[in-house]
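Each remark here refers to the structure printed beneath this line.
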Amino acid sequence: MIIKGSQRAGAKDLAQHLTNAGENEHIDVHELRGFVSDDLADALREAEYVAKGTKCRQFLLSVSMNPPLGESVPFESFEQAAMRIEDKLGLSDQPRALVFHEKNGRRHAHCVWSRIDAESMTAINLPYYKNRLTEVSREMFLEHGWSLPDGLKDRRLANPLNFSREEWLQAQRTQSDPREIKQLFQECWVQSDSAKAFVQALEQHGMVLARGDRRGFVAVDHQGEVYSLSRWTGENTGAIKDRIGSGENLPDVAGAKERIANTMTPKLQAFEQELNKQHATRMNALAQERRQMAEQHAFERQLQIGFQEAEWRRASQERAARFNTGVKGLWDWMSGKTAAIKRQNEKEAIDAMLRDRADRESLIEHQLKERGTLQAKIDAARKEHRQERKALSREIGRYLTGLREPDKSRTQETKRTRQPERSRVRPKAPDRTQEKPQAKHQAQERKQETAREESGLSSYQEARKAFRDSRKKRGINKDQGQGRDR
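In terms of full-length UniProt numbering, the sequence shown is residues 1 to 486.
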């Protein structure tokens, strides 16, 4: 599993983050060890009060543990990882809080240790703690047989598209994938060898290069979002200045936004509004289904916990009833029967606790699979929306680069609706260059016949009239003609 950690203060803010029900569908405070309070916020506040007796400012170590995508990891694996971390960092006897979060059909854990040794009132030093966390992460990948990421094989092979929390939050505002944004900037940077080429590469994706409010350079998209080049390209400020130069010819952020606003014709604005409306309608329906599923899952878990607690109370009473009182109880204690009953009760209690825990784990795994199916639909809707927004950015880029005004028929939606029409086979016009002479002669005869019909006398009528005239001249009537024929 991927393990990351940091030393920090702010017990109140950390407690609010760990119990944030808005970002997480289910929150389980799995363990509070070494604290007087059984509430997470009060427990972290205890650690803060103890730290005030020292000069330590960052008195907490907060660690997140994320299993690989698509892997089902039980509670024991997270607990095992937490024990290895505290063994390597010397935090074995320190107060600890273990919290599980579930969102988007996945489960991850947060573990928080107090660095303050209450006996000596000193802070435990954590030298190279990030390297130690990486070692534990690598061990967990190898033991479970998971595919080891390139960054854990060799630090130099780490994925350059990895993003920070600030980059993730900025991508969330624009409903984009931070990896795609970072890849876009890095591709534009690699493909260009001058400031002009870099400007054109960004404009093809609907972005305008501008001077930042401070000393750096930024890019502005059609939504008015400002991206720092040094952050998203991964290049230092010196390398960016060497390629772009002083940037005197570049507009400032306000000028870049104005230029994009002038580019957004009413047709493009209407199309953007239509995309956002369709996406909002679809996502609202999926969000409603997600909320209903989360409520149903929470109800099922509470129902299971209530049943297990009732069964635990019944079994505890049954185990307590095995002990005799009075003289029989004294005799059982002297004969060793009481000790045997204690061992039996302890074994049954441990077995019941493990059984209940396995049942809870089974229910959670079933719910995570059900939630994962819904998350696949949500991811597909978001991916489709991102592709449509990228198509819109390219259309804006056509206009920014000086091409003709983009047409809505070139958008992805219209392409999809016109596809069946384009696939129809249209009849070919006759090739009159290959006509035979006979066909030409027949055409001429039809023209002559039409002319005769227009004069009021057809060729058949002319022949019939001539035949009757000849019979009258010879004095042959109709009956004589028929007898001769017979």
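Heads up, the beta-carbon is just placed ideally off N, CA and C, and yes, glycines get one too. Note that the structure is a prediction, hence the values are computed from the model and not measured.
- Annotation: residue 221 is outside any beta strand (DSSP E) and is labelled neither H nor E by DSSP.
- Comparing alpha-carbon positions, the option among 201, 118, 16, 101 lying closest to residue 54 turns out to be 118.
- Taking 8 angstroms as the cut-off, the Cβ atoms of residue 47 and residue 60 count as close.
- One alpha carbon belongs to residue 372, the other to residue 139, and they sit about 27 angstroms apart.
- Remark: C-beta atoms of residue 65 and residue 116 do not approach each other more closely than 8 angstroms.
- If you draw a straight line from the Cα of residue 379 to the Cα of residue 390, it is about 16 angstroms long.
- Under the three-state reduction of DSSP output, residue 97 falls in the strand class.
- For residue 272, the closest C-alpha among the options 24, 396, 30 is that of 396.
- The straight-line gap separating the alpha-carbon atoms of residue 33 and residue 52 is approximately 20 angstroms.
- Boundaries cannot be given for residue 324, as no beta strand (DSSP E) includes it and DSSP labels it neither H nor E.
- Beta-bridge annotation (DSSP): residue 116 is paired with 123.
- In summary, residue 96 is buried, with 16 or more beta-carbon neighbours lying within 10 Å of its beta-carbon over all protein chains present.
- The region 325-374 contains, as complete alpha helix (DSSP H) runs of 4+ residues, the segments 326-335 (chain order).
- Secondary structure of residue 228 (DSSP, three-state): strand.
- Residue 232 is classed as buried because its beta carbon has at least 16 other beta carbons within 10 Å across all chains shown.
- At the C-beta level, residue 368 and residue 304 stay beyond 8 angstroms of one another.
- A direct Cα-Cα distance of roughly 11 angstroms separates residue 91 from residue 112.
- In summary, residue 189 is buried, with 16 or more beta-carbon neighbours lying within 10 Å of its beta-carbon over all protein chains present.
- Residue 255 and residue 278 have their alpha carbons spaced roughly 31 angstroms apart.
- Sorting 73, 360, 63, 186 by C-alpha distance to the C-alpha of residue 129 places 63 at the top.
- Here DSSP, grouped into helix, strand and coil, assigns residue 56 to coil.
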